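Report on the following structure.
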Amino acid sequence: MQKQLSVADFQQAINPIAHHYTQFQVDQRILLTGHSHQAWPDVALKGIKEAWQDAAMHLDDKWQFAFDKSRQVEQGFARLLNDSDGDYTLAENTHTLVVRFLSALDLRKRPRLVTSDSEFHSIRRQLDRLAEEGIEIVRVASLPHETFTERLTSQINDNTAAVLVSSVFYNSGRICSDLSEVIEACERQGAELLIDAYHHLNVLPFDVTQQGLQQAYIVGGGYKYCQLGEGNCFLRIPPECQRRPVITGWYADFESLDKANHHQVNYGSGGQRFAAATYDPGSHYRAAKVFEFFAHHGLHPQLLRDINQHQTTQILDRFDVLDLPETLISRDHKMLPAERGGFVAFKSAHAPMICSELHREKVFCDHRGDMLRIGPAPYLSDRQLHHAMDIFATVTKKIALHLTVN
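In my numbering, the protein residues as written are 276 to 681.
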C-alpha cells in the first residue's frame with residue numbers, strides 16, 4: 276500500500292519523490308522554475324510511448340483511444356477545480372482558448388472589456404490588438420491590492436462584455452482574492468467573467484462551488500505546476516452555455532457533421548461548443564500518466580500548497596538574513612503567506628543579470644521585467660533550497676560590489 280505523504284516528508288534531507296524524476300535530473304540541477312515549467316515525472320515518457328504505439332497499431336482507429344485520454348485530462352482539471360458542473364474544452368495553449376472565448380462575445384453591442392494591468396502576455400497582447408480595432412479596453416492597476424477588487428468591479432457596466440482577470444498574478448505571485456465579488460458584479464451587469472487560473476492550478480486549492488464561480492469561464496493549463504508539459508490547456512465553460520464562438524472548427528459539432536444546416540452553423544453540447552479541429556493527442560497521453568502519478572502518491576492541491584508554503588518561506592527567510600540593500604533588490608514584506616501564490620518575486624533593476632549569473636551556477640529561475648521570480652517545486656529538498664540561496668547570496672553580493680566600485 277502506498278504510504279500517505281505529508282509535508283513533514285518533504286522537509287527531510289532526501290526528497291521522497293525526487294527519484295521519480297530521473298530524466299529531468301532534478302537532483303543534479305536546482306530547478307527554481309516551478310512557476311514556469313516543472314519537471315515531468317518519468318511516467319510521462321510511458322505516455323509518449325503509448326501514444327506512438329496506439330498510432331502505429333490502430334492508424335485512424337487510434338482516435339477512440341485518444342479521446343479516452345482527453346476525457347481523463349478533462350476530468351483531471353475538473354478535480355483540481357473541484358468542479359462537478361462545468362464543461363471542458365482542451366487546446367494546445369491558452370491563447371487559442373481565450374480567442375475562442377472572445378469570439379463568442381457580442382462585442383458590437385458591448386464593445387468594452389475590463390481587465391488588470393498584470394495579465395500574462397497571451398491576454399495582454401490580444402487585448403492590445405483589439406483596442407487598435409476600436410474595442411474599449413479598461414485596465415485596472417493590480418496595486419494597491421487592498422482596493423483592487425473594488426476598483427475592478429466599479430468598472431463593470433452594461434456596456435461591458437466581459438472581465439478577464441487572473442486568480443494569481445504572473446508578475447508578483449500575489450493571489451487575487453474576492454473573485455466571488457467579481458462574478459456577482461458581472462452577473463448584475465450581464466457580463467461574462469474569464470479567470471486565468473494557470474498560476475493557481477495544482478499549487479493552491481481552487482473550489483468553483485465554494486467561491487460561487489459556477490457561471491465563470493476558467494482558463495488554465497498543465498505546463499506549470501501540473502507537470503503535464505506543453506499542449507495541455509483547458510477552458511472551463513459554465514453549464515448550459517449557449518454561446519456561439521465565431522472562431523470554430525469542425526470538432527465543435529463533431530456528432531452532427533452529416534446533418535449540416537446550411538442556414539445556420541450548429542454547435543455541439545457541452546465543451547464541444549468551443550472545440551477546434553484535429554490535434555496531436557500525444558500531450559494528452561502524457562498528461563493522463565502524470566495525473567495518475569499525482570493521484571497514486573496522494574499529491575493533492577492542499578498538500579502541494581503546504582509543501583510550497585514551506586519551501587517559499589525557506590527562500591524568503593534566507594533572503595531576509597542577507598540584508599541586501601533595497602537599491603539592489605527587494606521584496607514585498609507586506610505580502611502575507613496566505614496572499615502568496617506558488618512563487619516568490621524580488622524587485623530589482625538588475626533582475627536579468629542576477630538571473631543570468633544564477634543560471635551559470637545551475638540555479639534556474641526567470642524574470643519578468645524587473646521582477647526576479649523564484650519558484651520551488653515538490654521534488655526539491657530543503658538542502659537544495661538552502662544551497663541555492665547560498666549561491667544567490669554570492670551572486671547578489673558580487674553584483675552589489677561591482678555596482679559600488681563602478
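The beta-carbon is built from N, C-alpha and C at its ideal position, and this holds for glycine as well. The structure presented is a predicted model; accordingly, all values stated were derived computationally and were not measured.
Inter-residue CB distance, residue i and residue j (contact presumed, cutoff 8 angstroms)
i: L439; j: I410; result: Rounded, the Cβ-Cβ distance is 12 angstroms, inconsistent with contact.
i: I470; j: A491; result: 6 angstroms
i: I493; j: L356; result: 7 angstroms
i: A319; j: P556; result: Actually they do not touch by this definition, with Cβ atoms about 14 angstroms apart.
i: I305; j: V638; result: 5 angstroms
Separation of residue j from residue i, as counted between CA atoms
i: T428; j: E408; result: 24 angstroms
i: E515; j: G545; result: 7 angstroms
i: A406; j: V413; result: 10 angstroms
i: H642; j: H625; result: 10 angstroms
i: Y654; j: Y498; result: 16 angstroms
i: K673; j: W327; result: 49 angstroms
i: N368; j: S393; result: 19 angstroms
i: F509; j: L476; result: 11 angstroms
i: P386; j: H420; result: 27 angstroms
i: E505; j: S558; result: 7 angstroms
i: I398; j: S441; result: 10 angstroms
i: V282; j: H572; result: 13 angstroms
i: L611; j: S531; result: 52 angstroms
i: M276; j: Q300; result: Note that M276 scores a pLDDT of 47, beneath 50, so its modelled location is shaky; the value from the coordinates is reported in the next line. Distance between the alpha carbons of M276 and Q300 is about 27 angstroms.
i: D343; j: D284; result: 34 angstroms
Assigned secondary structure, residue i (DSSP; H/G/I helix, E/B strand, else coil)
i: D528; result: helix
i: C508; result: strand
i: R383; result: coil
i: I604; result: coil
i: Y492; result: strand
i: A366; result: strand
i: L356; result: coil
i: M276; result: Legend: pLDDT at M276 = 47, less than 50; position of this residue unreliable, value from coordinates given subsequently. The answer is coil: DSSP assigns M276 none of H, G, I, E or B.
i: D641; result: strand
i: A624; result: coil
8 angstroms CB neighbourhood of residue i in its chain, flanking five on each side removed
i: Q464; result: I431, N432, D433, T435
i: G487; result: S455, I458, E459
Same chain, Cβ closer than 7 angstroms to residue i, five either side skipped, listed in chain order
i: D302; result: A293
i: D358; result: V483, R511
i: N290; result: Y654, L655, S656
i: A552; result: G524, W525, Y526
i: L503; result: G497, R561, A562, V565
Own chain residues within Cβ distance below 6 angstroms of residue i, not counting five before or after
i: T424; result: D453, E456
i: H474; result: V443, Y445, G616
i: S447; result: A620
i: M664; result: R593
i: L676; result: none
Residue i at chain E interface by Cβ criterion, 9 angstroms
i: Q339; result: No chain E appears in this structure, which consists of one protein chain only.
So, do the stretch 512-530 and the stretch 371-391 have three or more beta carbon pairs nearer to each other than 8 angstroms?
-> Touching, per the Cβ criterion.
Take every Cβ of the stretch 299-317, pair it with every Cβ of the stretch 610-624, and state whether three or more of those distances are shorter than 8 angstroms.
-> yes
Does the count of Cβ pairs from the stretch 472-483 and the stretch 568-580 closer than 8 angstroms reach three?
-> yes
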